[in-house]
Each structure stands twice: as C-alpha cells, then as structure tokens.
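Worksheet: one structure, shown below.
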Amino acid sequence: MANNKDFKPYISADQVMPEVTATSVILGVLLAVIFGAANAYLGLRVGMTVSASIPAAVISMGVIRMILKKDSILENNLVQTIGSAGESVAAGAIFTLPAIFMWIEEGYDVTLSVVAIAVVSICGGLLGVLFMIPLRKALIVKEHGVLPYPEGTACAEVLIAGEEGGNAAGTVFAGLGIAAAFKFIADGLKLFPSEISYSFKSYKGSGVGMDTLPALLGVGYICGARISSYMMAGGILAWLVIMPLLVAFGADATIFPATVQISQMTVDEVWSSYIRYIGAGAVAAGGIISLVKSLPLIVKTFGENIKSLKNSDKTASTLRTDKDLDIKVIILIIAACLVVLVAVPSTHINIGTALLIVIFGFFFATVSSRMVGLVGSSNNPVSGMAIATLIITTVILKATGVVGGLGMTIAIMIGTVICIIAAIAGDTSQDLKTGYIIGSTPRNQQIGEIIGVIAAGLAMTGVMVLLNNAWGFGTQELPAPQATLMKLVVEGVMGGNLPWNLVFVGVFIAVVIEFLAIPVLPVAIGLYLPIHLSVPIMIGGLIRYWLDHKKYKNDGDKDKVTTAGILYSSGLIAGEGLVGIILAVFAVISVGNGNTIADVIDLTARGIDLGSIGSLVFFLLLTLSLIKFTVWNKKNYK
Numbered sequence: 000m001a002n003n004k005d006f007k008p009y010i011s012a013d014q015v016m017p018e019v020t021a022t023s024v025i026l027g028v029l030l031a032v033i034f035g036a037a038n039a040y041l042g043l044r045v046g047m048t049v050s051a052s053i054p055a056a057v058i059s060m061g062v063i064r065m066i067l068k069k070d071s072i073l074e075n076n077l078v079q080t081i082g083s084a085g086e087s088v089a090a091g092a093i094f095t096l097p098a099i100f101m102w103i104e105e106g107y108d109v110t111l112s113v114v115a116i117a118v119v120s121i122c123g124g125l126l127g128v129l130f131m132i133p134l135r136k137a138l139i140v141k142e143h144g145v146l147p148y149p150e151g152t153a154c155a156e157v158l159i160a161g162e163e164g165g166n167a168a169g170t171v172f173a174g175l176g177i178a179a180a181f182k183f184i185a186d187g188l189k190l191f192p193s194e195i196s197y198s199f200k201s202y203k204g205s206g207v208g209m210d211t212l213p214a215l216l217g218v219g220y221i222c223g224a225r226i227s228s229y230m231m232a233g234g235i236l237a238w239l240v241i242m243p244l245l246v247a248f249g250a251d252a253t254i255f256p257a258t259v260q261i262s263q264m265t266v267d268e269v270w271s272s273y274i275r276y277i278g279a280g281a282v283a284a285g286g287i288i289s290l291v292k293s294l295p296l297i298v299k300t301f302g303e304n305i306k307s308l309k310n311s312d313k314t315a316s317t318l319r320t321d322k323d324l325d326i327k328v329i330i331l332i333i334a335a336c337l338v339v340l341v342a343v344p345s346t347h348i349n350i351g352t353a354l355l356i357v358i359f360g361f362f363f364a365t366v367s368s369r370m371v372g373l374v375g376s377s378n379n380p381v382s383g384m385a386i387a388t389l390i391i392t393t394v395i396l397k398a399t400g401v402v403g404g405l406g407m408t409i410a411i412m413i414g415t416v417i418c419i420i421a422a423i424a425g426d427t428s429q430d431l432k433t434g435y436i437i438g439s440t441p442r443n444q445q446i447g448e449i450i451g452v453i454a455a456g457l458a459m460t461g462v463m464v465l466l467n468n469a470w471g472f473g474t475q476e477l478p479a480p481q482a483t484l485m486k487l488v489v490e491g492v493m494g495g496n497l498p499w500n501l502v503f504v505g506v507f508i509a510v511v512i513e514f515l516a517i518p519v520l521p522v523a524i525g526l527y528l529p530i531h532l533s534v535p536i537m538i539g540g541l542i543r544y545w546l547d548h549k550k551y552k553n554d555g556d557k558d559k560v561t562t563a564g565i566l567y568s569s570g571l572i573a574g575e576g577l578v579g580i581i582l583a584v585f586a587v588i589s590v591g592n593g594n595t596i597a598d599v600i601d602l603t604a605r606g607i608d609l610g611s612i613g614s615l616v617f618f619l620l621l622t623l624s625l626i627k628f629t630v631w632n633k634k635n636y637k
C-alpha cells in the first residue's frame, strides 16, 4: 500500500462529481433499512451480523450504472456509506435491548417505550460517527499504508472495478430472491419444517439436527471453514459430550435451575436448563479475554489518538478531499444527543449516566476506529466492550442504590448506546477509508453516515417491536443469544438468581480453549447456541473450503469464484431476513375469527407437509444453487 505522502485518490481532489443526490440518498436509506432489518433478524437468530458494505456497493452499482445509466463512483460510494450504517446500528441494538423485552415478559418492574428505542439507537449512532470524525486525519490519512482497514480497502476495490458491477449486483439479487422464496415456502407456507432434529436413544441426553434455512448456509460460506468448524466444535461439546454426561451422572437428580429430574427432561430442556448458562459463561469469558488481550493495543491506541489530536495541523485545507464537518457542528450535535438522552424520561438516563456515556463512548470509539484498521470489523471485540461497560456501570449503579428493574434498565440503556457507538465508529472508519482511496468528499460521507444512522435507528424501532410481538425474544424462533448474555451479566452483578456453578464451568472451558491457542468466541458461541444452527453453518464453511482449494487456471478465476460466493451468500442472508420481517407482520395482522395472515397461509392446517425429507431435499437444492453461482457460473471466468 502506498505511503500517504505519495498517495493519489482514484478521483482527484480537483475533479467534481455527483455525490449527495436524491438517488444516492434514497437508495442508501433504502439499503440501510433493508440490511439493518435483515441483520437484526440474523443477529437475533444466531448472535452475529455480517457486513453490508460490499453488498450495498454492488447493488448501488447495479441500480445506478445498469438501470439509471449513470456513471458516478462517488455517488455509488455514498450509497454504500449510508446503507452500511444499518448493519452497525442493528448490531448494537439487538445485542442489548431485547434483554429489557425479556425482563418485561418475565414480570420484572421495567418498561421500554418505542421512543426510548429510537432515541438510544439514533443518539448512539450519531455519537459513534461524531466521535470518530476528529480522528479521520490521524488514522485514515496519516496512517495510510500503516492501517490497512481491510473491509474499507476491499470495498474501494469493488467500486473501482465498477465495470463488473452489473454481474455482481445480479448475483446479490439472485441470492436474495432464492432465499426469500425458500424462507416463505418453509416458514410461511410451512410446506416443510425449517428445523429437523434427531435424539439418540442409546446415547441418552444427546441429539443432532439442523436448521435448513438460507441465511445460515450463507453465514457459513462468508465465515469460512475455520470459523465454522470452531462453532461446530462448540456444538459437539455441548450436545454430544456435556449433555450426555449430565444425563449419565445426574439422571435421578433435580439440579437448579431445573425443577424436575434430569431423566424426565427432553434433550431441548436439558440444553435450556443447563447448557445455555454454561455457554453464557464461555461467551462472557471469551469477550473479556478478547478485550484483555487487546488492552495493550487499546492503551497505545488511545494515547496515540489523543496525541495526534493535540498535534494535528490546524491549517484548514481547501481541497475537496480534506473537508470534514465543522468541529462546532460536531460539538453541537453531540450536546444535542446528550440533552435528548437525558430529556426523554423513558431512557432513564440522567446527567451522571450521560457523563459515563461520554467517557466510555469516546474511549471505545477511538479504540474501535484504530482496531478495525488493524484487524478488521469482524474481529472488533464490540461484545467485550459492551460486557465491560455493563459490569462497571452495574457495579456503580448498585453501589449508589439504583437497583432492581430500574437499575437493570439503566445499565442496558447505557450498554446499548456504548455498543452502538463502538460498532458505528468502526463502520464509519471503514467507510472513510473507502472514500479516501477513491477520492470522496469526507464531509459528504459524514453527512451520509448521519442520514443512515437516523434511518436505521427509526427502522430498528419498528423491527424490534414487530419481532417481539410476533415471536418474542429468547424463544426458539429468536434466541437473541447476545442479548440473553447481556441480561445474565446484569442480573448476575445485581445479585440475581444465576446458577453460578454452571456459568463458571463455561468460564473455565473458555480458559482451556484459550490455553489451546484456539479462538474462544466462535467455540463459545457454538457451545451457547443450539447445534441446529451450527450444522448448516458448517456446511456453508465446507463449501467455501472446497472452492478455495480447487485448482483454477489463475488466481483471478479463484478470486472471482470466491467473491461471487460472498455476494450470493450476502443475498441469501438479506433475502431470508427480509421475508422473516414480512412473516412477522403476517403473524400479528388479524383477519378475523382469531386467525392471522400467518394462520391462513399455513399449509399444515390443510394436511400438506413434506416432512423432514422435504427439508433435506430443498436444502440440497439450496446448496447446489450456491455452487451454481460460484464455480458453475461461467460468467465468473470472463
């Protein structure tokens, strides 16, 4: 990568092209809502989200270049800048806020209004963007050639290779359409079950199964075989080792938190009563281990960023590519966000807790901005930052007498804002890196981030309320693993009813995994989630492994096949997520006689059900479609 002194952007600073247009704003907002909603659904199902930057970029190119017949790389970049904000807002919101929904369902004296959801989502997103802007010249410009910002650089390469945008966009849309149809047939019409399972009679307490849905296959392909295998290892450890041991040695025992003998419990009940607490301990320990390992970098990062700000060149540049939002505007919006957070009663945030948000928020924003430059957004320990914030704030709240439902709600509200700040700061950094490489106007991108945050924040409010009304959080349909973990952390610190022995079993499993030099978090997530989710992810990972190790004529062919798979998989995730939202709407709209639209379209009520065989056949066809759009697609070799 070229040094910043010799670097010249793809579009020179003296060249003016359309950026902030009605097309770029409308399309960007639409993608922010779509990918935000899809990632919210995905995160609530499997505990992880996927980057929306590259899919948003190729869809933008497909629409702007191929449909509207316009040619503007800067306009495309603004679309992906706005569109990618939805994923980060979704991640911060769905990893924390569902905890309050679950407390309400459990009868705790807590409340959560739609206004509060919108305020913390939007204000958290705005603070993340604004805290990062003063760091742009220090991290993006001066450190060019030192900090690679992998996702931002990759997105720039996709935009520069815009002449291939039509095929790439078509691949995303194909995945989206196929996944949408599959999801509607499986979970809308219910022609076949979307989950199949099997319990071993001779190996009591064990079980296997899989969810036959598109998003999980796509997640596995994008994550690759290594990460998928770590998750699968966690699932095997839980379902084929720990659970059979519980049944073998404690069959006649009634062990807290269960209220019946283990021998009387189903496999799913054993998992729900014991394994999820062990998994929660492992995930919490994994997040904290990740944060502790990053502490030297965090301390160094924070010090260097503060030093860079003090020593920054105060001479304002007149170049288009050097223009940021005015610092006075930044301070004004930050102040407005804090005032709104305090002024809205349903957020339960006061001046003291707002001060905590500023301290933790700016610290983790600076850390996140540099860390994603080194290790990429996928490896940014946002969950560890959120857990650390929750532990510290809950301890402070408890020490000051703010306990019970109110104390837990305030802790989650603060954690939500911090989680969104860290996620958005990383996303903004990657987007500004893309803009720096191609020659966008930073101020326009920053305005785009603000637009995307507001659109995604408003959308998240409706999406979360809708999904909770349709299925509820912490259920089989929406396990909400990260939010459940945050809930357990707050309850534990507040002195709740956690089975600490099980939690510490998970903690020490994580320690053993760390000693083995294996990444803790993917194994811990596999341990925490039902094995039904890890199996299709593993299948997607194996397909990626096969394609990566095939023989190709040259590296260019291999890259095209891999990229096509990532784009198609992104479409699978988006398509299932969108139909998941539509089905949630169907589940709450009444058509009379106590029935909803979901009841009317349910084929099982008419005795039509293809069963597990139908699930396997359709999943096989789905798997073949992934191969069709990668190695069997001759367009990828042209």
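Using numbering that gives the first Met the number 0, read the sequence shown as starting at 0 and increasing by one per residue. Beta carbons: idealized from backbone N, C-alpha and C, even for Gly.
Quick check on DSSP: helix, strand or coil for residue i?
i, result
"D325", "coil"
"S271", "helix"
"Y107", "coil"
"V157", "helix"
"Q444", "helix"
"E163", "Bear in mind that a pLDDT of 49 at E163, under 50, signals an unreliable position, so the number given afterwards is only what the model happens to contain. Of the three classes helix, strand and coil, the one that applies to E163 here is helix, per DSSP."
"V19", "coil"
"V62", "helix"
"D601", "coil"
"H531", "helix"
"Y202", "coil"
"S11", "coil"
"A1", "Note that A1 has pLDDT 48, beneath the 50 cutoff, so the model's placement of it is unreliable and the number below is only indicative. Note: A1 maps to coil in three-state DSSP."
"L67", "coil"
"I254", "coil"
"D430", "helix"
"L631", "In the sequence under discussion, the amino acid at residue 631 is Trp, which differs from the Leu named in the question. Coil at W631, not helix or strand."
"I53", "helix"
Considering only C-alpha positions, which residue in the set the options is nearest to residue i?
i, options, result
"V207", "V584, E156, L528, G570", "L528"
"G42", "A214, A455, M537", "A214"
"S367", "W238, G351, D426", "D426"
"K69", "T20, A283, A98", "T20"
"S201", "R225, L239, G233", "L239"
"I580", "L620, I326, K627, N468", "N468"
"E18", "I437, F100, I350, G169", "I437"
"T346", "V416, D321, I542, I607", "V416"
"L389", "A342, G491, P478", "G491"
"L571", "K182, F503, Y9, L158", "K182"
"F94", "N76, I116, L77", "I116"
"L515", "Y229, L77, I524", "Y229"
"S50", "F503, I287, N38, I413", "N38"
"G127", "P295, Y40, F362", "F362"
"S382", "V488, V343, I326, T622", "V488"
"E448", "G82, I63, P8, T399", "G82"
Roughly how many whole angstroms lie between the Cα atoms of residue i and residue j?
i, j, result
"A482", "I330", "31 Å"
"P498", "F507", "15 Å"
"I226", "G219", "8 Å"
"K397", "L526", "31 Å"
"G35", "A155", "21 Å"
"L67", "L431", "26 Å"
"I423", "I356", "15 Å"
"V339", "I333", "10 Å"
"F585", "Q475", "18 Å"
"D251", "Y276", "21 Å"
"M493", "L26", "45 Å"
"A232", "A224", "12 Å"
"A284", "Y273", "17 Å"
"S59", "D108", "46 Å"
"R319", "L77", "15 Å"
"L337", "C122", "8 Å"
"V45", "L520", "13 Å"
So who's on the other strand from residue i, going by DSSP bridges?
i, result
"I195", "M209"
"G643", "Nothing about residue 643 can be reported from this structure: the residues present for the chain run from 0 to 637 only."
"N594", "G591"
Counting only beta-carbon separations shorter than 8 Å, does residue i have a partner in chain D?
i, result
"F183", "Among the chains of the structure shown, chain D does not appear; only one protein chain is present."
So within the region 71-117, which uninterrupted alpha helix (DSSP H) runs reach at least 4 residues, ignoring any that extend past its ends? Listed in chain order, they are 72-93, 97-104.
Which runs of the beta strand (DSSP E) spanning at least 3 residues fall entirely within the region 476-510, listed in chain order? none
What are the start and end residues of each continuous alpha helix (DSSP H) run of 4 or more residues lying completely inside the region 325-363, in chain order? As far as the region 325-363 is concerned, its whole alpha helix (DSSP H) runs of at least 4 residues are 326-342.
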